[in-house]
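First residue of the sequence shown: 2, per the working numbering; consecutive thereafter.
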Amino acid sequence: MAQLTPAGLVRILGLVTLIMVIPMVGGSVAGLVLDGLFGTSPLLVLIGLVVGSLIAAIGIWLLIRAGARRGYGGGPDDGA
């Protein structure tokens with residue numbers, strides 16, 4: 002199993018933050034702008050938040066899958 006260093010953990014925390022924050026805030030802000038244009042408040046903000054959350058969930062799933070493939074899983078077959 003690969004050993005994580007403190008710098009590696011900070012890198013992972015930064016990636017998780019980016020993967021979660023950018024789609025959720027971006028979807029909400031886009032919905033806010035579109036709500037202002039179309040007068041559909043708060044419908045498009047909620048839709049933007051849901052779509053951003055879905056994108057964030059897929060991004061986290063991909064990050065976890067990539068980490069598991071690199072050997073960060075710590076499962077029963079890690080030789081410990």
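Note that the Cβ used here is the ideal one computed from N, Cα and C, for glycine as well.
Taking only three categories from DSSP, how would you classify residue i?
{"i": "T18", "result": "helix"}
{"i": "P24", "result": "helix"}
{"i": "P7", "result": "helix"}
{"i": "S29", "result": "helix"}
{"i": "S54", "result": "helix"}
{"i": "G40", "result": "coil"}
{"i": "G60", "result": "helix"}
Between which two residues does the alpha helix (DSSP H) containing residue i stretch?
{"i": "G72", "result": "Note, G72: premise wrong, no alpha helix (DSSP H); not H, not E."}
Strictly under 8 Å for the Cβ-Cβ distance: is residue i near chain B by that measure?
{"i": "I48", "result": "Going by chain labels, chain B is absent from the structure shown, which holds only one protein chain."}
With residue i and residue j assumed to form a contact (beta carbons below 8 Å), what rounded beta-carbon distance in angstroms separates them?
{"i": "I61", "j": "I20", "result": "6 Å"}
- request: Would you check if the region 61-73 and the region 35-43 touch, i.e. whether three or more CB-CB distances between them fall below 8 Å?
  value: no
- request: For the region 40-55 and the region 3-15, state whether three or more C-beta atom pairs, one from each stretch, are separated by less than 8 Å.
  value: no
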